[in-house]
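Visitor: Numbering (this note's numbering), first residue to last: 16 to 360.
The beta-carbon is built from N, C-alpha and C at its ideal position, and this holds for glycine as well.
Encoded as structure tokens, here's the structure I'll be asking about.
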Ligand SMILES: [Zn+2]
Ligand SMILES: [Zn+2]
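Next comes the structure, spelled out in structure tokens:
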């Protein structure tokens with residue numbers, strides 16, 4: 016089968032690989048139908064993720080059809096259409112029993128990281144019963160690719176951890192796919208104001224279409240000043256960090272109101288300053304989280320009932336044999352205006 020293989024920092028190739036086999040009775044083999052590229056894949060390609068070793072097939076998102084199941088798999092049969100979760104969950108360890116699948120001692124984020132991932136014709140999914148989700152018949156499948164990772168990530172790490180509430184004021188720093196996923200799902204709670212901050216006018220325009228009440232281009236570095244003005248010098252109740260660089264985290268520190276929450280989503284590669292000398296008396300909370308994907312079944316229902324339509328996040332489509340072009344397009348998002356690139360079998 017064809018697969019996109021990581022070969023160390025800056026190196027990747029499409030290669031022929033043997034089709035994966037069932038290795039444990041709880042495994043399933045899934046034939047991939049649609050997959051996508053995550054910002055995290057670009058981090059891997061930069062060499063930022065040392066757990067991902069050369070030779071690894073990348074990818075942790077997508078939908079497919081079950082090809083084979085191990086003897087212990089009871090919830091899925093060959094032919095079932097499924098969403099692959101970016102997090103593998105054994106369902107049995109202490110963390111899984113607490114709903115913290117991201118830290119499953121037998122799984123967690125292993126797909127396309129510690130084990131071969133979804134950017135291939137077939138993928139082996141460990142703990143299939145608790146790591147795959149059935150696709151209800153008749154559902155528009157493009158949108159469901161967003162349920163593997165970005166929707167639960169934006170919702171759990173940004174909206175839930177950020178305690179977004181009816182009437183509250185929130186700011187999302189970063190209008191990439193994850194920030195936009197937070198924007199879409201924050202609206203479940205009817206916040207009064209959602210302010211999006213980015214450096215890219217195209218992404219900010221899209222944010223307005225997705226429900227932002229105000230957008231700020233921070234090219235002039237005045238986002239903090241503008242937000243304080245917009246909020247009567249109070250700041251925001253929830254500041255969601257959706258970039259993963261020190262400057263955007265510090266912006267969140269600068270705009271959080273007393274009693275507010277900074278919810279970090281971004282993957283940080285270097286340290287960011289924590290200004291406790293300004294924050295110690297402001298009753299704020301700072302949260303971090305790796306997505307658990309515990310909300311995937313709930314989010315699936317909101318897509319099914321069209322409360323949210325994440326299809327609008329898809330900007331480009333490629334056949335699998337053009338996956339290298341898909342990487343080029345996604346990697347040059349500032350030029351290509353790419354958000355999510357869909358890669359189809
Ligand atoms: Zn991802
Ligand atoms: Zn577990």
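Using a 10 Å radius around the Cβ and a threshold of 16 neighbouring Cβ atoms, would you call residue 279 buried or exposed?
Guide: Within the chain shown, the letter at position 264 stands for residue 279. So residue 279 ends up on the buried side.
Visitor: State the start and end residues of the unbroken beta strand (DSSP E) segment that holds residue 312.
Guide: Locating residue 312 in the chain shown gives position 297, where the first residue counts as 1. From DSSP, residue 312 is part of no beta strand (DSSP E) but of the alpha helix (DSSP H) over 311 to 319.
Visitor: Determine the DSSP secondary structure at residue 102, reduced to helix, strand or coil.
Guide: Reading the chain shown from its first residue, position 87 is the one you call residue 102. The answer is coil: DSSP assigns residue 102 none of H, G, I, E or B.
Visitor: Considering only the alpha carbon of each residue, which of 343, 350, 330 and 320 lies closest to residue 155?
Guide: If you number the chain shown from 1, residue 155 lands on position 140. Ranking 343, 350, 330 and 320 by Cα distance to residue 155 puts 320 first.
Visitor: May I ask whether a heavy atom of ligand 2 can be found less than 8 Å away from the beta carbon of residue 121?
Guide: Here residue 121 refers to the residue found at position 106 of the chain shown. Correct: residue 121 has its Cβ closer than 8 Å to ligand 2.
Visitor: Short of 7 Å in beta carbon distance, which residues of its chain neighbour residue 345, apart from the five on each side in sequence? Order them along the chain.
Guide: The residue you call residue 345 lines up with position 330 of the chain shown. Contacts found: 52, 353 and 356.
Visitor: Suppose the cutoff is 7 Å on Cβ atoms and the five residues either side in sequence are ignored; what does the same chain contact list for residue 38 look like?
Guide: In the chain shown, the residue the question calls residue 38 occupies position 23. Only 139 meet the Cβ criterion.
Visitor: Does the distance from the CB of residue 253 to the CB of residue 301 come in under 9 Å?
Guide: Counting from 1 along the chain shown, the entry for residue 253 is found at position 238. Counting from 1 along the chain shown, the entry for residue 301 is found at position 286. No, Cβ-Cβ distance for residue 253 and residue 301 is not below 9 Å.
Visitor: Are the C-beta atoms of residue 174 and some chain B residue less than 9 Å apart?
Guide: Checking the listed chains, one finds no chain B in this structure; it contains a single protein chain.
Visitor: Would you say the stretch 79 to 92 touches the stretch 134 to 153, given that touching needs at least three Cβ pairs under 8 Å?
Guide: Touching, yes, given that three or more Cβ pairs across the two stretches are closer than 8 Å.
Visitor: Tell me which same chain residues have a C-beta within less than 6 Å of the C-beta of residue 262, skipping the five on either side of it?
Guide: The residue labelled residue 262 in the question sits at position 247 within the chain shown. Excluding positions up to five away in sequence, the list is empty.
Visitor: Leaving out five residues before and five after residue 290 in sequence, what residues of the same chain have Cβ atoms less than 7 Å from its Cβ?
Guide: By one-based count along the chain shown, residue 290 stands at place 275. Closer than 7 Å at the Cβ level, and outside the excluded window around residue 290, lie 268.
Visitor: Looking at the secondary structure, which residues open and close the alpha helix (DSSP H) in which residue 217 lies?
Guide: Along the chain shown, one-based indexing puts residue 217 at 202. It spans 216 to 224 - the alpha helix (DSSP H) in which residue 217 sits, taken as one unbroken run.
Visitor: Less than 6 Å between C-beta atoms, sequence neighbours within five positions excluded: which residues of the same chain meet that for residue 110?
Guide: Mapped onto the chain shown, residue 110 falls at position 95. The residues are 118 and 119.
Visitor: What number of angstroms, rounded off, separates the C-alpha of residue 307 from the C-alpha of residue 328?
Guide: Stepping through the chain shown from its first residue, residue 307 is reached at position 292. Stepping through the chain shown from its first residue, residue 328 is reached at position 313. Spanning the two alpha carbons is a distance of roughly 22 Å.
Visitor: Could you pull out every unbroken beta strand (DSSP E) segment of at least 3 residues lying fully inside the stretch 36 to 63, listed in chain order?
Guide: Within the stretch 36 to 63, the complete beta strand (DSSP E) runs of at least 3 residues are 43 to 51.
Visitor: Shortest alpha-carbon distance to residue 28 belongs to which of 77, 337 and 350?
Guide: The residue labelled residue 28 in the question sits at position 13 within the chain shown. Minimum Cα distance to residue 28 is reached at 337.
Visitor: For residue 248, which three-state DSSP category applies?
Guide: Within the chain shown, numbered from 1, the residue matching residue 248 stands at position 233. If DSSP states are grouped into helix, strand and coil, residue 248 belongs with coil.
Visitor: Report the start-end ranges of each beta strand (DSSP E) in the stretch 124 to 156 that is 3 residues or longer and not cut off at the edges.
Guide: If we require 3 residues or more, the beta strand (DSSP E) runs fully inside the stretch 124 to 156 come out as 137 to 140 and 147 to 149.
Visitor: At a cut-off of 8 Å, is residue 283 close to ligand 1 when judged by its beta-carbon and the heavy atoms of the ligand?
Guide: As a position in the chain shown, residue 283 is number 268, starting the count at 1. Outside the cutoff, so no.
Visitor: Quick check on residue 218: buried or exposed, where buried means 16 or more other Cβ atoms within 10 Å of its Cβ?
Guide: Counted from its first residue, the chain shown places residue 218 at position 203. That one is buried.
Visitor: Report the rounded CA-to-CA distance for residue 339 versus residue 351, giving the unit in angstroms.
Guide: On the chain shown, position 324 is the one that residue 339 refers to. On the chain shown, position 336 is the one that residue 351 refers to. Between residue 339 and residue 351, the C-alpha separation is close to 15 Å.
Visitor: Looking at residue 207 and residue 226, is the spacing between their C-beta atoms short of 9 Å?
Guide: Numbered from its first residue, the chain shown carries residue 226 at position 211. Numbered from its first residue, the chain shown carries residue 207 at position 192. For residue 226 and residue 207, no; Cβs fall outside 9 Å.
Visitor: Would you report the Cα separation of residue 245 and residue 57, rounded to the nearest angstrom?
Guide: The residue given as residue 245 occupies position 230 in the chain shown. The residue given as residue 57 occupies position 42 in the chain shown. So the two alpha carbons sit approximately 35 Å from each other.
Visitor: Using only Cβ atoms and a threshold of 5 Å, which residues come within that distance of a heavy atom of ligand 1? Order them by chain position.
Guide: For ligand 1, the selected residues are 53, 55 and 164.
Visitor: Is any non-hydrogen atom of ligand 4 found closer than 8 Å to the C-beta of residue 106, if you look at the structure I gave you?
Guide: Ligand 4 is absent from the structure shown, which contains only ligand 1 and ligand 2.
Visitor: Out of 150, 237 and 190, which one is the CA nearest neighbour of residue 215?
Guide: Your numbering for residue 215 matches position 200 in the chain shown. Among 150, 237 and 190, the Cα nearest to that of residue 215 belongs to 190.
Visitor: Residue 10: beta carbon under 8 Å from a heavy atom of ligand 2?
Guide: This structure leaves residue 10 out entirely; the chain is present only between 16 and 360.
Visitor: Can you tell me whether residue 128 is buried or exposed? The criterion is at least 16 other CB atoms within 10 Å of its CB, across all chains shown.
Guide: Residue mapping note: residue 128 aligns to position 113 of the chain shown, counting from 1. Buried, by the Cβ-count rule.
Visitor: Taking 8 Å as the line, does the beta carbon of residue 116 fall inside it for any heavy atom of ligand 2?
Guide: Position 101 of the chain shown, counted from the start, is the residue given in the question as residue 116. Yes, the beta carbon of residue 116 sits closer than 8 Å to at least one heavy atom of ligand 2.
Visitor: By the three-class DSSP mapping on this structure, what secondary structure does residue 196 have?
Guide: By one-based count along the chain shown, residue 196 stands at place 181. Reduced to three states, the DSSP call for residue 196 is helix.
Visitor: Taking the alpha-carbon of residue 287 as reference, which of 59, 36, 95 and 258 has the nearest alpha-carbon?
Guide: Position 272 of the chain shown, counted from the first residue, corresponds to residue 287. Residue 287 has its Cα closest to that of 258, out of 59, 36, 95 and 258.
Visitor: Less than 8 Å between the CB of residue 101 and some heavy atom of ligand 2, yes or no?
Guide: Within the chain shown, numbered from 1, the residue matching residue 101 stands at position 86. No - ligand 2 has no heavy atom lying nearer than 8 Å to the Cβ of residue 101.
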